[in-house]
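Below is one structure, written out as structure tokens; the observations come after it.
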Amino acid sequence: MAERPPSSPAPAPARRRIHGLPFVVPVFPPPAPIRAMNPFRPAHLPALALATAAVLASIGLAGATRAADPAPPAAAARTALTVTAVQPQRGELVRQLPANGSVAAWQEASIGTEANGLRLTEVLVNVGDRVQRGQVLARFAAETVRAEAAQIRAAVAEAEATLAEARANAARARELQTTGALSQQVIAQYLTAERTAEARLEAQRAAAEHQALRLRQTTVVAPDAGVISARSATVGAVLPAGQELFRLIRQGRLEWRAEVPAADLGALAPGQAVTLSPAPGQAVTGRVRMIAPTVDPQTRNGLVYVDLPASPLLRAGMFARGEFALGRSSALTLPQTAVTLRDGFHYVHRIGADGKVAETKVQVGRRDGERVEVTAGLAADARVVASGGAFLADGDTVRVVAAPPAVRPPGPAASVPR
1 MAERPPSSPA PAPARRRIHG LPFVVPVFPP PAPIRAMNPF RPAHLPALAL
51 ATAAVLASIG LAGATRAADP APPAAAARTA LTVTAVQPQR GELVRQLPAN
101 GSVAAWQEAS IGTEANGLRL TEVLVNVGDR VQRGQVLARF AAETVRAEAA
151 QIRAAVAEAE ATLAEARANA ARARELQTTG ALSQQVIAQY LTAERTAEAR
201 LEAQRAAAEH QALRLRQTTV VAPDAGVISA RSATVGAVLP AGQELFRLIR
251 QGRLEWRAEV PAADLGALAP GQAVTLSPAP GQAVTGRVRM IAPTVDPQTR
301 NGLVYVDLPA SPLLRAGMFA RGEFALGRSS ALTLPQTAVT LRDGFHYVHR
351 IGADGKVAET KVQVGRRDGE RVEVTAGLAA DARVVASGGA FLADGDTVRV
401 VAAPPAVRPP GPAASVPR
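Mapping of the sequence shown onto the UniProt record's numbering: position 63 corresponds to residue 63, and the numbering continues sequentially without gaps.
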């Protein structure tokens with residue numbers, strides 16, 4: 001077995017600075033041949049321990065140097081925001097009862113055919129057309145009816161001639177009744193023939209009137225002024241009697257049928273004002289006409305009928321929200337800009353004596369223009385941020401300044417005396 005050469009002493013570790021910090025770089029002796037290297041042999045343990053101690057010393061020195069560095073300056077305090085303050089004001093607001101309902105025709109007339117088995121030849125109106133009372137809407141073929149009417153007129157003329165002859169015979173029979181030239185039986189026959197001819201003439205005249213009525217029924221007219229809301233008439237159709245042709249909103253009047261809980265019906269009366277909102281930012285004013293005498297047993301709601309004015313915003317069948325005016329009452333109000341909405345709740349930012357704001361949850365009620373009623377959560381003498389509360393957090397410091405004067409439109413120029 002060959003002898004291993006003696007190991008040379010380990011060189012001293014070098015000292016360097018990395019990023020301004022002292023760092024000891026250990027220097028290790030050249031490794032022995034792989035086949036003879038064994039770190040756990042007693043000859044190599046002093047060198048390994050020396051290297052480990054050097055690394056630990058350099059790490060500790062770097063940590064101590066960093067711990068001695070001065071701490072960064074604290075963040076500057078938040079700058080106080082400039083705000084204007086308002087206080088709640090007490091005033092009178094309109095008490096309103098909200099409700100939902102549908103717009104419907106005040107009265108809708110069904111216009112159909114009275115003639116039976118006639119062909120429709122003309123349709124003169126369409127849905128949405130405004131019509132007047134008596135205006136022609138449609139026509140049926142009248143040739144057959146006219147022919148039958150002419151036949152009846154001829155029958156009337158024949159009955160009139162028969163009656164004239166019967167009356168003449170009856171008159172002569174009456175003259176001869178006292179002379180005895182005619183028997184009583186013959187005289188009775190002449191008198192009976194006269195009455196029979198009169199009855200036949202009346203029957204033929206009635207038939208003539210019936211045919212004249214059928215002839216008038218070949219023309220369909222509007223029973224009242226209004227707006228055509230539906231049409232089912234088709235040119236060329238042969239229709240039975242009673243078939244609907246049109247639907248007419250009489251006089252073009254609409255009404256709002258509001259569903260109101262039974263407990264609130266007692267607060268309503270005919271003549272009360274109602275404000276409808278058929279669309280956002282749009283309003284129509286109506287009046288209560290009638291309150292239904294019964295309540296739906298399923299929903300426990302009663303119908304309130306409200307007369308509506310003619311308006312292009314309203315259509316029969318549309319849904320609309322409305323509010324019934326129930327009078328006025330005192331209320332504590334704030335500008336709407338002072339109230340913020342977050343997560344379904346309303347908040348105001350109350351200003352304390354130390355100039356800090358406290359986010360306060362409130363309950364709101366009625367609205368009147370740019371003001372909103374505060375029903376709970378705020379004292380009458382509290383000061384709150386007038387606007388911009390969404391940019392404030394609870395505990396922020398604010399600086400209150402006076403609100404700028406409201407800009408008013410210039411009035412009429414004053415006359416200058418001469």
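We put the CB at the ideal spot given by N, CA and C, even for glycine.
Pairwise C-beta distances place the segment 270–288 in contact with the segment 307–323, as three or more of them are shorter than 8 Å. Your pair Gly101 and Ala258 checks out as a contact, with CB atoms roughly 4 Å apart and the cut at 8 Å.
Judged by beta-carbon spacing, Glu255 lies within the 9 Å limit of Ala105, meaning their Cβ atoms are closer than that value. Residue state for Gln96 is assigned as strand, using DSSP reduced to three classes. Ranked by Cα distance from Gln135, the first of Thr294, Lys361, Ile228, Gly286 is Ile228. Taking all protein chains in view, the Cβ of Glu92 is surrounded by fewer than 16 other Cβ atoms within 10 Å, so the residue is classified as exposed. Annotated as proximal: Arg200 and Leu163, with beta-carbon spacing under 9 Å. Three or more Cβ pairs drawn from the segment 329–348 and the segment 363–382 lie within less than 8 Å of each other, which places the two stretches in contact. The Cβ neighbour count for His349, taken over all protein chains shown within 10 Å, is at least 16; the residue is labelled buried. From the listed residues Glu160, Val131, Val284, the smallest Cα separation to Arg195 is found for Glu160. Gln189 carries a helical assignment under DSSP once its states are collapsed to helix, strand and coil. For Asn169, the secondary structure class from DSSP, reduced to helix, strand or coil, is helix. One alpha carbon belongs to Ala85, the other to Asp264, and they sit about 39 Å apart. Judged by DSSP in its simplified three-state form, Asp307 adopts strand.
Membership of Gln363 in the beta strand (DSSP E) is indicated by the continuous run 357–368. Of the candidates Phe246, Val103, Leu239, Ala208, Phe246 places its Cα closest to the Cα of Gly128. With fewer than 16 other beta carbons inside 10 angstroms of its own, Leu176 counts as exposed. Secondary structure at Gln89: strand, using DSSP grouped into helix, strand and coil. With contacts defined by Cβ atoms closer than 9 Å, Gly252 and Ala225 form a contacting pair. Rounded to the nearest whole angstrom, the C-alpha separation of Ala149 and Thr218 is 13 Å. Between Asp307 and Arg287 a beta carbon distance of about 5 Å is seen, short of the 8 Å cut, so the two are scored as contacting. Arg289 and Leu268 have their C-alpha atoms some 11 Å from each other.
At a Cβ-Cβ threshold of 9 Å, Gln87 and Val384 count as neighbours.
Straight through space, the alpha carbons of Arg90 and Asp394 are spaced by roughly 27 Å. Cα atoms of Asn116 and Glu122: separation of roughly 16 Å, rounded to the nearest angstrom.
Secondary structure at Val398: strand, using DSSP grouped into helix, strand and coil. Bridge partners of Arg253 according to DSSP: none are assigned. In this structure, DSSP gives Ala273 an extended state, which the three-state scheme calls strand.
Going by DSSP, Pro280 is part of no beta strand (DSSP E) at all; its letter is neither H nor E. Arg174 carries a helical assignment under DSSP once its states are collapsed to helix, strand and coil. When Ala138, Leu120, Val260, Val156 are compared, the shortest CA-CA separation from Asn126 is found for Ala138. Assignment of beta-bridge partners to Phe391 by DSSP yields no partner.
Given a length threshold of 4 residues, each whole run of the alpha helix (DSSP H) inside the UniProt domain "CzcB-like barrel-sandwich hybrid" (120–248) is given here in chain order: 143–176, 184–217. When rounded, the separation of the alpha-carbon atoms in Gly266 and Asp343 is 36 Å. Look at Thr337 here: in three-state DSSP terms it is helix.
When the Cα atoms are used, Val304 and Pro293 turn out to be separated by approximately 10 Å.
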